[in-house]
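Numbering (my numbering), first residue to last: 1299 to 1636. We treat Cβ as the ideally placed atom computed from N, Cα and C, and that holds for glycine. Comments concern the structure below.
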């Protein structure tokens, strides 16, 4: 489609360790369109952050390496371009907000220095113009007394203020797509809401596409148009936010939603998915979720499920949604089969 900003196809990112080859990302495909907010959700260790780092070409090598697939940005294959071209794109056309702002900002340089550097690396502007742009961006993300903050160091700011600075740096060159890796982690609820409102505002005003990496389904419900659910390095379900939250198809997605506390229920016992996420390994056969799934049957252990197309761009990696004729299996039928 002409408005595709990012298209990942069959991405494989492996880590080569003393314990062997570890497929952290195992055949992930996803698409982000202009002005769209796409959420990628899943438990810790499912491959969300490695996918985002693969897009930015920031996988530490060694031990990590992208061993297969393609990453297209506006039709350009990022895995085949030169390092110089990647540097031109990274931070300019594709920006990223990292998970922990305190470790992402350099403690030895002022906020102004770091903002000006990000602008001047990618844009042909004078130091004065970069300074003016930096102050403008700090004001845009809601930082009071922006001129004074330019001369302050990261440790002088609160967590919420540092996260706003990270967003200002990421948005300073008007990127086509913004990758946000757990942007509200470790922030209190009030600041979380402010950060999400800010991102929605930037998305609406500048039509910036956002790839939101998170484990928080509340964040997904608040900001995302479409959701991709990952488990053990694979995409297991995809659909619009409303479809995923109202009518989840994959047993893993159902478990995630069941684990959300319900405010109107008193003395509730919180649900948790039994078992733990399996360690990624080469040569896996069967569904990755089979030993934690209440619906698992013989086929789930003997065959590896594909990502079945359901209806209206909905997908799920589950045999319970497929029979010999390829039609969707209902929940009632799934219970009978299990």
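Figure out for me which residue from 1554, 1537, 1445, 1499 has the closest Cα to the Cα of residue 1609. Numbered from its first residue, the chain shown carries residue 1609 at position 311. Relative to the Cα of residue 1609, the nearest Cα in the group 1554, 1537, 1445, 1499 belongs to 1537.
Would you give the residue range spanned by the alpha helix (DSSP H) that residue 1436 belongs to? The residue you call residue 1436 lines up with position 138 of the chain shown. Per DSSP, residue 1436 is one residue of the alpha helix (DSSP H) stretching across 1425-1438.
Which same chain residues, not among the five before or five after residue 1351, have their C-beta less than 6 Å away from its C-beta? Start at 1 with the first residue of the chain shown, and residue 1351 comes out as number 53. Same-chain partners within the cutoff: 1357.
For residue 1370, write down the residues that DSSP places opposite it in a beta bridge. In the chain shown, the residue the question calls residue 1370 occupies position 72. Residue 1370 is bridged to 1305, 1375.
Range covered by the alpha helix (DSSP H) that runs through residue 1515: Position 217 of the chain shown, counted from the start, is the residue given in the question as residue 1515. Unbroken alpha helix (DSSP H) run through residue 1515: 1515-1521.
Cβ contact check for the region 1308-1320 and the region 1572-1588: 3 or more pairs under 8 Å: Output reads yes: the region 1572-1588 touches the region 1308-1320.
Residue range of the beta strand (DSSP E) that includes residue 1393: Taking the chain shown and counting its residues from 1, one reaches residue 1393 at position 95. According to the DSSP assignment, residue 1393 belongs to the beta strand (DSSP E) that extends over 1392-1395.
Can you give the beta carbon distance from residue 1616 to residue 1548, rounded, assuming they're within the 8 Å contact cut? To locate residue 1616, count along the chain shown from 1; it is residue 318. To locate residue 1548, count along the chain shown from 1; it is residue 250. With 8 Å as the limit, residue 1616 and residue 1548 qualify as a contact, their Cβ atoms being about 5 Å apart.
May I ask which residues mark the beginning and end of the beta strand (DSSP E) holding residue 1320? The count along the chain shown starts at 1 and reaches residue 1320 at position 22. Residues 1318-1331.
Distance, residue 1539 Cα to residue 1401 Cα: Start at 1 with the first residue of the chain shown, and residue 1401 comes out as number 103. Start at 1 with the first residue of the chain shown, and residue 1539 comes out as number 241. C-alpha separation (whole angstroms): 31 Å.
For residue 1460, count the other beta carbons within 10 Å of its own beta carbon; 16 or more makes it buried, fewer makes it exposed. Which is it? Numbered from its first residue, the chain shown carries residue 1460 at position 162. Counting other Cβ atoms within 10 Å of its Cβ, residue 1460 reaches 16 or more and is therefore classed as buried.
Does DSSP put residue 1614 in a helix, in a strand, or in coil? Looking up residue 1614 in the chain shown gives position 316. Here residue 1614 sits in strand by DSSP.
Counted within 10 angstroms of its Cβ, other Cβ atoms place residue 1420 as buried (16 or more) or exposed: Here the question's residue 1420 lines up with position 122 in the chain shown. Answer is buried; the Cβ neighbour count reaches 16.
Using only the alpha-carbon positions, how far apart do residue 1648 and residue 1531 sit? In the structure as shown, the chain begins at 1299 and stops at 1636. Residue 1648 is therefore absent and cannot be evaluated.
Below 8 Å CB to CB, which residues in the same chain sit around residue 1433 once its five sequence neighbours on both sides are set aside? The residue labelled residue 1433 in the question sits at position 135 within the chain shown. Take residue 1433, set aside five residues on each side of it, and the residues of its chain with a beta-carbon closer than 8 Å to its own are 1444, 1445, 1448, in chain order.
Would you mind sorting residue 1599 into buried or exposed? The rule is 16 or more other CB atoms within 10 Å of its CB. Taking the first residue of the chain shown as position 1, residue 1599 is located at position 301. Classification for residue 1599: exposed.
Quick one, which of 1411, 1482, 1564, 1612 has its alpha-carbon nearest residue 1546's? Taking the chain shown and counting its residues from 1, the one referred to as residue 1546 is at position 248. Nearest option by C-alpha distance: 1612.
Could you tell me the boundaries of the beta strand (DSSP E) in which residue 1443 lies? Numbered from 1 along the chain shown, position 145 holds the residue referred to as residue 1443. Residue 1443 -> no beta strand (DSSP E), and no H or E assigned at all.
In whole angstroms, what is the alpha-carbon distance linking residue 1302 and residue 1374? The count along the chain shown starts at 1 and reaches residue 1302 at position 4. The count along the chain shown starts at 1 and reaches residue 1374 at position 76. Each residue's Cα considered, the two are about 11 Å apart.
Just to confirm, is the Cβ distance from residue 1522 to residue 1337 under 8 Å? As a working mapping, residue 1522 is identified with position 224 in the chain shown. As a working mapping, residue 1337 is identified with position 39 in the chain shown. Yes.
Distance check for residue 1398 and residue 1415, CA to CA, integer angstroms please. Translated into the one-based positions of the chain shown, residue 1415 becomes position 117. Translated into the one-based positions of the chain shown, residue 1398 becomes position 100. Going from the Cα of residue 1415 to the Cα of residue 1398 covers about 20 Å.
Close Cβ partners of residue 1572 (< 7 Å) along its chain, the five nearest in sequence each way excluded: Numbered from 1 along the chain shown, position 274 holds the residue referred to as residue 1572. Its chain contains 1590 as the residues whose beta carbon lies nearer than 7 Å to that of residue 1572, once the 5 sequence neighbours on both sides are disregarded; these appear in chain order.
Cβ shell of residue 1588 (< 7 Å), same chain only, five flanking positions each side left out: As a first step, residue 1588 is located in the chain shown; it is residue number 290 there, counting from the start. Closer than 7 Å at Cβ, skipping near neighbours: 1594, 1598, 1599.
Judging by CA-CA distance, which residue of 1574, 1318, 1604, 1462 is the nearest neighbour of residue 1584? Position 286 of the chain shown, counting from 1, holds the residue named residue 1584. For residue 1584, the nearest C-alpha among the options comes from 1604.
Buried or exposed (CB count within 10 angstroms, at least 16 for buried), residue 1424: For this step, residue 1424 is matched to residue 126 along the chain shown. The residue is exposed, with fewer than 16 neighbouring Cβ atoms inside 10 Å.
Report the three-state DSSP secondary structure of residue 1498 (helix, strand or coil). The count along the chain shown starts at 1 and reaches residue 1498 at position 200. DSSP places residue 1498 in helix when its eight states are reduced to three.
Three-way DSSP call (helix, strand, coil) for residue 1535 in this model: Residue 1535 sits at position 237 when you count from the first residue of the chain shown. DSSP places residue 1535 in strand when its eight states are reduced to three.
Using C-beta distances below 6 Å, list every residue in its chain close to residue 1520, excluding the 5 sequence neighbours before and after it, in chain order. Position 222 of the chain shown, counted from the first residue, corresponds to residue 1520. Counting only residues of its own chain and dropping the five nearest sequence neighbours on each side, residue 1520 has a CB closer than 6 Å to the CB of 1494.
Based on the DSSP output, what are the partners of residue 1508 in its beta bridges? In the chain shown, residue 1508 corresponds to position 210, counting from 1. For residue 1508, which the question treats as bridged, DSSP gives the partners 1335, 1476.
Excluding sequence positions up to five away, which residues of its chain have a Cβ less than 8 Å from the Cβ of residue 1569? The count along the chain shown starts at 1 and reaches residue 1569 at position 271. Non-local C-beta neighbours of residue 1569 in its own chain, meaning closer than 8 Å and more than five positions away in sequence, comprise 1553, 1556, 1557, ordered along the chain.
Neighbourhood of residue 1567 by C-beta distance below 7 Å, restricted to the same chain and skipping five residues each side: Here residue 1567 refers to the residue found at position 269 of the chain shown. Shown here for residue 1567: not one same chain residue has a beta carbon closer than 7 Å to its own, the five before and five after excluded.
Could you give the distance in angstroms between the alpha-carbon of residue 1525 and the alpha-carbon of residue 1438? For this step, residue 1525 is matched to residue 227 along the chain shown. For this step, residue 1438 is matched to residue 140 along the chain shown. In this structure, the straight-line span from the alpha carbon of residue 1525 to that of residue 1438 is close to 28 Å.
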